[in-house]
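Presented below is the structure to which this report refers.
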Amino acid sequence: MGADKAINPYRYSITKDAVFTNASVVSAHPLASMVGAAMMKQGGNAFDAMIATQLTLAVVYPGAGNLGGGGFLIARKADGELLSIDYREKAPGKASRDMYLDKDGNAQTNLSQNGHLSSGVPGTVAGLFATLPYAKLDFKILIQPAIDLAEFGYTITASEASSFNADREDFIKYNTKPLAFVKQEPWKAGDTLVQKELAETLKRIRDNGAKGFYEGETADLIVAEMQRGKGLVSLDDLKNYDAKKRAPLSFNYKGYDIVSFPPPSSGGILLEQMLKMIRRYPVESYGFQSPKTVQLMTEVERRAYADRAEFMGDPDFWKVPVKTLTSDNYLAGRMKDYVPGKAGKSDAIKAGIIKESEETTHISIMDSKGNMVAVTTTLNNHYGSKTVVGGAGFLLNDEMDDFSIKPGVPNMYGAVGGEANAIAPAKRMLSSMTPTLVLKAGKPYIVLGTPGGTTIPTSVFQTIVNIVDFKMNADDAVNKPKFHHQWLPDQIYTEDKFPEETAKALEKMGYKIEGRVNIGRTEVIRMLNNKLESAADKRGDDSVAGF
Ligand code: DON
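Note that our numbering has the sequence shown beginning at 41, numbered continuously upward.
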C-alpha cells in the first residue's frame, strides 16, 4: 500500500495506548493512524501526517472522516508558531434565514438533518491544501494510501459493519445511485469495502489539487446530485469556497498555556470560560468526581453554554464579544449566584449581560521536534446527510443543522441559538469542535480533542482537569466516565460508569440526572519525559500508531 508495505489493510489490529519516542498519531481508525505515522517515518512531519490521516479516514471511516464535510485544525510548528485553519462548511449562496420553516413557521428539522438540503458547502479539501505548505512530502505521496484503500478495499471492523447495517434504510432513502455501503446481505466484521468511485475522486484531487474537487468533474457531480434532491450547493459556491486562517485563542490555566479554536467554533471560548471559572476553586482537594467537584463543573458548564446560545456565531457575520466573554471580571460575575450544594436553574441563569454589542472525528498528532497538530473534522452526525454524491462516492455533510434554524428550536444536539447563528448565504454555522493544544513553559505538552456534538467542549474541559488537577495519565484522563451539562435541557448527562454515590448526592442537591451510553471519543498525546504518551479512546475503534 502507497506509504508503507508493512500496513496490511486486510489484517490490522487496534492499539489503545503506547509510548513512542519520535512521532505519534491517534485517530478513530487503526489504518488512518498507521498511514499518518508511516508518513512521518519516511521524512514527513506532523502536517504530512495530518493530511494523510484525514484522507485515509475519508476512506476507512466514512461515518465521519470525509471529503464532503469540514473541520478545524489547530497546530504549533516546531519553531513555536501557532496556527489555526478554519475549513468549516459554509451555507450555500441560495440559503436563507427561514429556509427550514414551513408555511406556518414551524421548524422542519428533517430537512436540516438529512438529505440534500441539509448540506453546506464542503471545506475539507480546501483545508488539506491550506495545510500543505507546512508539510514536507509531495501531496501525491500523502494521498496514495487513501487511493489504494478505496480502490482495492480494506477489511471493516465490527462497529463499522453494524453502523452500515443500522443506516441501510436511510442510505436507500436518500440516494438514487448504487452505493458502496449498501449490499444485499448484512455487513459483518471482516468484510471488504471497495469504493471505486471514491478512488476516482481522490485521483482527480491528486492530479488537479483543490480544483480536482471544487471545479471540473467532481464539482459537476456534486451539483448534479444537488439537483436530484433539491439541494442548494452550486458550482459558484464550490468555486468560491475558501479555508481561512484564524487567530488561535490562547489563555493560561494554572501555569499551562491552552491554545484552542476561536469562532466559528464555540469550543475555544467555552473551554476558556469553563477553565477560568473553576480555576479559583481548589478542585484537587474536593476529589475526582466527588459531588462537590461535579457540581462546580456542572455549574460552570451551564453558564458557558447559556452564553453560547446568545452570543456566538460566524465572526465574519456577527461580532462575537470574545474579549468580554473570557474576561476574569465577567466570569467572576457569572459565578456570583453559584451556591455550593444547591442546583442552579437554567431558567434563572440566562446568558450574561455584556456591554459590547453523534459523528465527528478527531486526530491528535505530535512529533519529537515540537510539531503539534489537532484536527477535528465532521460530516455532522453519522454519515452526515446520508447522501452520497452519485458517481463520486463520498458522503455530504448535514452541517446546516448547526445553524439556529429558528430561534429557540434545538438542533440535533439540543443546542439553541438566535440571531448570532441564524442562516445567511456563505455564513459558517456555529460549531462546538474544540481541537486543543496545551503547552507547559512554552514547550509542547498535550494535543487533544474529541467528537460528540455539544459535549465536545465539556469532554476537552474534563480531560484537561483530569490531567492538570487530578494528575491522571493520558489513558485515565480519556477513559474515566464523563458528564455533561449544556444549560438546556437543564440536566446532567452521565456516562454508564459514572459513580453512583455522586449521582445520588447531586440528585439530592436538586439536579436531574440522565444516563448516556458514551460521551466523546477523546484522543490524547502527552509529552512526558521526552516521550509521547499516547491514548486512544476505548469507546470506539480508535487506535494509536507511532515509532
Ligand atoms: O460542529 C459541531 O459542533 C458538530 N457538527 C459536531 C458533530 C459531532 O461532533 C457529532 N459527533 N458525535
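C-beta atoms are modelled at their ideal positions from N, C-alpha and C, and glycine is treated no differently.
Keep in mind that this is a model prediction, so the values were computed, not measured.
Check                                                                                                                                                                                       : Outcome
Suppose you measure from the CA of L528 to the CA of S386; what does that come to, to the nearest Å?                                                                                        : 7 Å
Looking at the unbroken beta strand (DSSP E) that takes in L477, where does it start and where does it end?                                                                                 : T476 to K480
Could you compute how far the alpha carbon of A517 sits from the alpha carbon of I504?                                                                                                      : 8 Å
Mapping the DSSP letters down to three states, classify M337 as helix, strand or coil.                                                                                                      : helix
Does the beta-carbon of I463, which I'm using as the reference point, lie nearer than 7 Å to any heavy atom of ligand 1?                                                                    : no
Taking 7 Å as the cut-off, is the beta-carbon of S67 closer than that to any non-hydrogen atom of ligand 1?                                                                                 : no
Where DSSP assigns a beta bridge to T416, which residues make up the other side?                                                                                                            : F112 and H402
Among A264, A186 and L189, which has the Cα closest to the Cα of T216?                                                                                                                      : A264
For A349, which residues from the same chain have a beta carbon less than 6 Å from its beta carbon, with the 5 sequence-adjacent residues on both sides left out?                           : V456 and G457
In angstroms, rounded to a whole number, what distance separates the CA positions of S444 and S471?                                                                                         : 11 Å
Hey, how far is the Cα of R137 from the Cα of W358?                                                                                                                                         : 14 Å
By the 10 Å Cβ neighbour count, where 16 or more other Cβ atoms means buried, how is E312 classified, buried or exposed?                                                                    : buried
Just to check, is the beta-carbon of T562 closer than 7 Å to a non-hydrogen atom of ligand 1?                                                                                               : no
Measuring only the C-alpha atoms, how far is S588 from F587?                                                                                                                                : Given that the chain is displayed from residue 41 to residue 587, the structure contains no residue 588 and the question cannot be resolved.
Are the region 78-94 and the region 430-441 touching, with three or more C-beta to C-beta distances below 8 Å?                                                                              : no
With respect to the beta strand (DSSP E) encompassing D297, which residues constitute its N-terminal and C-terminal limits?                                                                 : Y296 to S300
Please go through the same chain and pick out, in chain order, the residues whose beta-carbon is closer than 6 Å to the beta-carbon of E396, but skip the five residues on each side of it. : Here E396 scores only 48 on pLDDT, less than 50, and its place in the model is too uncertain to base an answer on.
Taking only three categories from DSSP, how would you classify N205?                                                                                                                        : helix
Beta-carbon separation of H524 and I559 under 8 Å?                                                                                                                                          : yes
Hey, would you say the C-beta of P331 is under 7 Å away from at least one heavy atom of ligand 1?                                                                                           : no
Which residue wins for smallest C-alpha separation from D577, given the options A481, I403, L275 and N420?                                                                                  : I403
For S595 and T149, what's the separation of their Cα atoms in angstroms?                                                                                                                    : A question about residue 595 goes unanswered here, because the residues of the chain that appear run from 41 up to 587.
Find out if the Cβ-Cβ distance for the pair N532, T333 is shorter than 8 Å.                                                                                                                 : Reading off the sequence, residue 532 comes out as Ile, not Asn. Taking 8 Å as the Cβ cut-off, I532 and T333 do not qualify as a contacting pair.
Do the region 108-121 and the region 160-168 meet, that is, are 3 or more Cβ pairs less than 8 Å apart?                                                                                     : yes
For N369, tell me which candidate among R320, T400 and G327 has the shortest Cα-Cα distance.                                                                                                : R320
Between which two residues does the alpha helix (DSSP H) holding K578 run?                                                                                                                  : First-last for K578: undefined, no H or E at that position.
Say the cut is 7 Å; is the CB of E399 nearer than that to a heavy atom of ligand 1?                                                                                                         : yes
Am I right that M473 and I496 are in contact with their C-beta atoms under 8 Å? What's the rounded C-beta distance?                                                                         : 6 Å
Buried or exposed for I212, please, with buried defined as at least 16 other CB atoms from any protein chain shown within 10 angstroms of its CB.                                           : exposed
Do R116 and M567 come within 8 Å of each other at the CB atom, strictly closer than that value?                                                                                             : no
When you compare each of K483, F538, R579 and V100 to G627 by their alpha carbons, which one comes out closest?                                                                             : The question about residue 627 has no answer here: the residues shown for the chain are numbered 41 through 587.
From the DSSP secondary-structure annotation, give me the bridge partner or partners of I565.                                                                                               : V487 and S574
Exposed or buried, which one is Q335 when buried takes at least 16 other CB atoms within 10 Å?                                                                                              : buried
Hey, which unbroken runs of the beta strand (DSSP E) at 3 residues or more fall wholly within the region 75-141?                                                                            : 110-116 and 122-127
Applying the 10 Å Cβ sphere with the 16-neighbour rule, what's the burial state of Q329?                                                                                                    : buried
Answer yes or no: do I47 and M74 have a C-beta to C-beta separation smaller than 8 Å?                                                                                                       : yes
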